[in-house]
Amino acid sequence: MTKLFRRLQPAQKFRITISAIAQLLKIPQHLIVRVECWAYVLFIHRQDKGGQFLSYRKLQQWQNAVACQIQNCSTWQQLRSLWLAIEDDFKLHKTQYEEHYSFLSQIWTKRWNILWHQQESA
116 MTKLFRRLQP
126 AQKFRITISA
136 IAQLLKIPQH
146 LIVRVECWAY
156 VLFIHRQDKG
166 GQFLSYRKLQ
176 QWQNAVACQI
186 QNCSTWQQLR
196 SLWLAIEDDF
206 KLHKTQYEEH
216 YSFLSQIWTK
226 RWNILWHQQE
236 SA
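Using the numbering used here, the first residue of the sequence shown is number 116, and each one after it goes up by one.
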């Protein structure tokens, strides 16, 4: 488990809907029998395939939660520390980030610029 994963605690904090999972898996909702939120992954019980594992990192909520963490950093030191945690998580789970990484990078850069200008003004 990475620092970022411990920080976000997706199994405890994410509210995951069947419709969101179905959309991500590109299947009709009726094929999902049940969803189990395990510590590190979701286990999806499907009518057509049996079971399927799904990483929390693939969810839109992961991207939103990380973006929220970035936007809540009040100092550039906090922001830098968070980015190092994101980088470590990305290196270990690169395939699970797909489009999230570039989005998060943009959000981080915007927040860095805001904090930099606030520091210069002070």
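Note that CB positions come from ideal geometry on N, CA and C, so glycine has one too.
- With fewer than three CB-CB distances shorter than 8 angstroms, the segment 158-165 does not count as touching the segment 173-181.
- Gln192 and Lys206 have their C-alpha atoms some 21 angstroms from each other.
- DSSP places Phe158 in the uninterrupted beta strand (DSSP E) bounded by 156-161.
- The beta carbons of Arg226 and Leu199 sit no closer together than 8 angstroms.
- Sequence-distant partners of Asp203 (beyond 5 residues in either direction) whose C-beta falls short of 8 angstroms from its own C-beta, in its chain, are Thr117, Lys118, Leu119.
- Inter-segment contact for the segment 121-132 and the segment 147-160 is present: three or more beta-carbon pairs are separated by less than 8 angstroms.
- With fewer than 16 other Cβ atoms inside 10 Å of its own Cβ, Gln234 counts as exposed.
- Short of 8 angstroms from the beta carbon of Val156, and not among the five residues preceding or following it, lie these beta carbons of its own chain, in chain order: Phe168, Leu169, Ser170, Tyr171.
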